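First up is the structure itself, then whatever we jot down about it.
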Amino acid sequence: MSAVRKALDELEQEWQEIISIQKINYTLREQLPKLREYLLRDLITGKQDPAIGPLSKKLQMYEVPIARGTSYSMMLLRIDTTEGEYDQSDETLIEYALTNIAAELFGPRMALWHCTDMHGFIVCLLSDKSLPNTIESTKISEEEELDVWIETQAFQLQRAAKSYLKVGVSVLTSKRGQFPQDIRTMYQSSLASFRHFIGRDTELFISLAKEPNRGEMQQLNELYLTPTLGLLLEMGQWEAANDKLAAILKELEEEWRDSQEHILEAYFAIASSISSLIHRTKKWLADTIGEDFYTVTSGQPMQTVDELRNWSERVIASYRRSVSSVEKDSRNSIIRKVQDYIAQNPGTASLQTISSSVYLNPSYLSKIYKLETGEGISEYTLRVRMEKAILLLEQSPEKIYEISTLLGYQKPSYFIHLFKKHYGITPQEYRNKLGL
């Protein structure tokens, strides 16, 4: 009996193991769609190494419908508008329904593998089941026919989404690439093209299949020619800065209009210069350029030369107003210090002693004082001395020559001459008039 019981226990254990394996296989098959989606997301973001070993095992285990070395196209879908009674919680359901419609439309001819990226785009890989695996072995006529077929199915997908799901969809299809080595660069290129060609517009279709190949990458020229835009802004040469910006934008417009990379290069360079200059004035960027600050922090890149032009002109104008305000405050402070010094030292105040007291070059100080007040420092000093002379003549017993010395005039005759020129009478005549 013990032998029979042992045999039964072993049989029971064997059945439990079989059932457990079946459960694992069932669970795995149930999760295959999600596992495939996660794998594709890792491939487009670079988290998954496309090296042969680890990837091949996952492709086989997850039953991915696109084999290594296969020629494929990428399709980006973006849900733009909804007409039905949908809310945020229904987004996953809409994406599920949309990918099912795509599978129905493309499935008869193409293998389809999809995921949703971090930006909300539905990323689909499309591989023709009937064409040769490699790009090199595909005839041009077959490629052109396939491109037309993909465009037709994409239009049908847009119409079906509008009719059955009540949502508007924008679609972009790429050139062909080789799986998996081209997948990350193709994704980044498709994403940049989507933002450039479609941007904030809705329910558009763009095919890159017939787009000419990009030429050799070259650096922007005008952006880095001296004097740079940042230097001109720092020096306050506003007209020259505007001309420099126009030259930068002209180069972009004429040579790199369709290159978002070059538009971004110019944008980041200008944003960096403006940020640095504003911080040097000890002001916050957000306080200085207002709403345009959120363009910098939102992560929404410039997509066109016109957008870059409008943004740049606004932030430069904001910076200029900020600098003018800072300069005005600074100059007002200098003016007050100059006038206080003259009031406290009427007998010794001169352009040299005044400029030393405010730590400025005499000619520069003279220039900004005249610019801000409308009169020169010497004119203001004379006016203060004459007003002080009146007070001394009225309130002190000092003789005329003593008052002359107190006010910094070594020759009483020169003081008398200036006083008469200013008031029309001599100091003594003024005292006599007061009855002193």
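Just add 579 to the spot in the sequence shown (first one is 1) and you have the working numbering.
Every residue gets a Cβ at the ideal spot worked out from N, C-alpha and C, and that includes glycine.
All of these numbers come straight from a predicted model, not from anything done at the bench.
**Close-in-space but distant-in-sequence residues of the same chain around K1012 (CB under 8 Å, 5 per side omitted)** = Within the sequence shown, residue 1012 is the residue found at index 433, counting from 1. I1004.
**Asked** What is the DSSP secondary structure of A740, counted as helix, strand or coil?
**Response** As a first step, residue 740 must be located in the sequence shown, where it is residue number 161. Helix at A740.
**Request:** For V937, collect the residues of the same chain with a Cβ closer than 7 Å to its Cβ; drop the 5 residues on either side in sequence, then sort them by chain order.
**Result:** Position 358 of the sequence shown, counted from the first residue, corresponds to residue 937. These residues qualify, in order along the chain: I913, K916, V917, L944.
**Request:** Throw me the rounded Cβ distance for the T752 and L787 pair, which I believe falls under 8 Å.
**Result:** Numbered from its first residue, the sequence shown carries residue 752 at position 173. Numbered from its first residue, the sequence shown carries residue 787 at position 208. The Cβ separation is near 7 Å, so the contact holds.
**Prompt:** Is the number of C-beta pairs between the region 668-680 and the region 648-658 that are closer than 8 Å three or more?
**Reply:** yes
**Request:** Taking A850 as part of the alpha helix (DSSP H), name the residues at either end of that continuous run.
**Result:** In the sequence shown, counting from the first residue as 1, residue 850 sits at position 271. Looking at the DSSP string, the run of the alpha helix (DSSP H) that includes A850 is 839-859.
**Request:** Inspect the CB distances between the region 763-780 and the region 642-655 and report whether three or more fall short of 8 Å.
**Result:** With the rule of 3 Cβ pairs closer than 8 Å, the region 763-780 counts as touching the region 642-655.
**Prompt:** Which one of Q737, S709, L736 has the shortest CA to CA distance from L725?
**Reply:** Translated into positions along the sequence shown, residue 725 becomes position 146. When only C-alpha atoms are compared, the closest one is S709.
**Request:** Would you mind giving the Cβ-Cβ distance between K967 and L986, rounded to the nearest angstrom? I have them listed as a contact below 8 Å.
**Result:** Working through the sequence shown from its first residue, we reach residue 967 at position 388. Working through the sequence shown from its first residue, we reach residue 986 at position 407. With 8 Å as the limit, K967 and L986 qualify as a contact, their Cβ atoms being about 6 Å apart.
**Message:** As an exercise, report each continuous beta strand (DSSP E) stretch of at least 3 residues that is fully enclosed by the region 624-673, in chain order.
**Reply:** If only complete runs of 3 or more residues are kept, the region 624-673 shows the beta strand (DSSP E) at 650-661, in order along the chain.
**Prompt:** Expressed to the nearest angstrom, what Euclidean distance is found between the alpha-carbon atoms of P1006 and L961?
**Reply:** Working through the sequence shown from its first residue, we reach residue 1006 at position 427. Working through the sequence shown from its first residue, we reach residue 961 at position 382. If you take the alpha carbons of P1006 and L961, they lie about 15 Å apart.
**Request:** Report the residue from L672, Y948, I979 whose alpha carbon sits nearest the alpha carbon of R746.
**Result:** The residue you call residue 746 lines up with position 167 of the sequence shown. Before going on, a small fix: residue 746 reads as Val here, not Arg. Residue nearest to V746 within the set L672, Y948, I979 is L672 (criterion: CA-CA distance).
**Asked** Skipping 5 residues on each side, what residues in its chain have a beta carbon closer than 8 Å to that of H693?
**Response** To locate residue 693, count along the sequence shown from 1; it is residue 114. Answer for H693: E616, L619, T678, A681, I701, V702, C703, L704, listed in chain order.
**Request:** Alpha carbon to alpha carbon, how far is Y898 from W1104? Give it in angstroms, no decimals.
**Result:** The structure shown does not extend to residue 1104, since the chain is modelled only from 580 to 1015, so the question has no answer here.
**Message:** Mapping the DSSP letters down to three states, classify L939 as helix, strand or coil.
**Reply:** Reading the sequence shown from its first residue, position 360 is the one you call residue 939. Coil, per DSSP.
**Asked** From D621 to Q610, what does the alpha carbon distance come to, in whole angstroms?
**Response** Looking up residue 621 in the sequence shown gives position 42. Looking up residue 610 in the sequence shown gives position 31. Each residue's Cα considered, the two are about 17 Å apart.
**Proximity to W835 [Cα-Cα], best of G809, K636, E981, N800** = Numbered from 1 along the sequence shown, position 256 holds the residue referred to as residue 835. The residue with the shortest Cα to Cα distance from W835 is N800.
**Message:** Using only the alpha-carbon positions, how far apart do L783 and F734 sit?
**Reply:** As a first step, residue 783 must be located in the sequence shown, where it is residue number 204. As a first step, residue 734 must be located in the sequence shown, where it is residue number 155. L783 and F734: Cα-Cα distance of roughly 10 Å.
**Prompt:** Between the beta-carbon of L930 and the beta-carbon of I956, is there less than 8 Å?
**Reply:** If you number the sequence shown from 1, residue 930 lands on position 351. If you number the sequence shown from 1, residue 956 lands on position 377. Cβ atoms of L930 and I956: closer than 8 Å.
**Length of the line joining the Cα atoms of A825 and I623** = For the purposes of this step, residue 825 is taken as the residue at position 246 of the sequence shown. For the purposes of this step, residue 623 is taken as the residue at position 44 of the sequence shown. Distance between the alpha carbons of A825 and I623 is about 37 Å.
**Prompt:** Within 10 angstroms of its Cβ, does P976 collect 16 or more other Cβ (buried), or is it exposed?
**Reply:** Locating residue 976 in the sequence shown gives position 397, where the first residue counts as 1. Burial call: exposed.
**Prompt:** Do I921 and Y959 have their C-beta atoms closer together than 8 Å?
**Reply:** Indexing the sequence shown from 1 puts residue 921 at position 342. Indexing the sequence shown from 1 puts residue 959 at position 380. Closer than 8 Å, so yes.
**Message:** For a quick check, are the C-beta atoms of A850 and L802 less than 8 Å apart?
**Reply:** Position 271 of the sequence shown, counted from the first residue, corresponds to residue 850. Position 223 of the sequence shown, counted from the first residue, corresponds to residue 802. Contact flag unset, no.
**Span separating the alpha-carbon of G686 from that of L808** = What you label residue 686 is simply residue 107 of the sequence shown in a count that begins at 1. What you label residue 808 is simply residue 229 of the sequence shown in a count that begins at 1. In a straight line, the C-alpha of G686 is about 54 Å away from that of L808.
**Prompt:** Using DSSP with H/G/I as helix, E/B as strand and the rest coil, what is L705?
**Reply:** As a position in the sequence shown, residue 705 is number 126, starting the count at 1. Three-state result, L705: strand.
**Request:** Taking 8 Å as the cut-off, decide whether the C-beta atoms of T649 and S706 are in contact.
**Result:** Taking the sequence shown and counting its residues from 1, the one referred to as residue 649 is at position 70. Taking the sequence shown and counting its residues from 1, the one referred to as residue 706 is at position 127. Yes, the pair counts as a contact, with Cβ atoms nearer than the cut-off.
**Asked** With a CB to CB cut of under 7 Å and the five nearest residues on each side skipped, what residues in its chain are close to G926?
**Response** Against the sequence shown, residue 926 aligns to sequence position 347. Closer than 7 Å at Cβ, skipping near neighbours: L985, L986, G987.
**Prompt:** When you compare only the Cα positions, how much space is there between N821 and I777?
**Reply:** The sequence position of residue 821 within the sequence shown is 242, counting from 1. The sequence position of residue 777 within the sequence shown is 198, counting from 1. Distance between the alpha carbons of N821 and I777 is about 30 Å.
**Request:** Assign S901 to one of three DSSP states: helix, strand, or coil.
**Result:** If you number the sequence shown from 1, residue 901 lands on position 322. DSSP places S901 in helix when its eight states are reduced to three.
**CB contact flag (F1036, Y641, <8 Å)** = The question about residue 1036 has no answer here: the residues shown for the chain are numbered 580 through 1015.
**Request:** Look at the Cβ atom of Q737, then the Cβ atom of V748, and state whether they are nearer than 8 Å.
**Result:** Position 158 of the sequence shown holds residue 737. Position 169 of the sequence shown holds residue 748. Going by C-beta atoms, Q737 is nearer than 8 Å to V748.
**Request:** For T695, name the three-state secondary structure that DSSP assigns.
**Result:** Looking up residue 695 in the sequence shown gives position 116. In this structure, T695 counts as strand in the three-state DSSP scheme.
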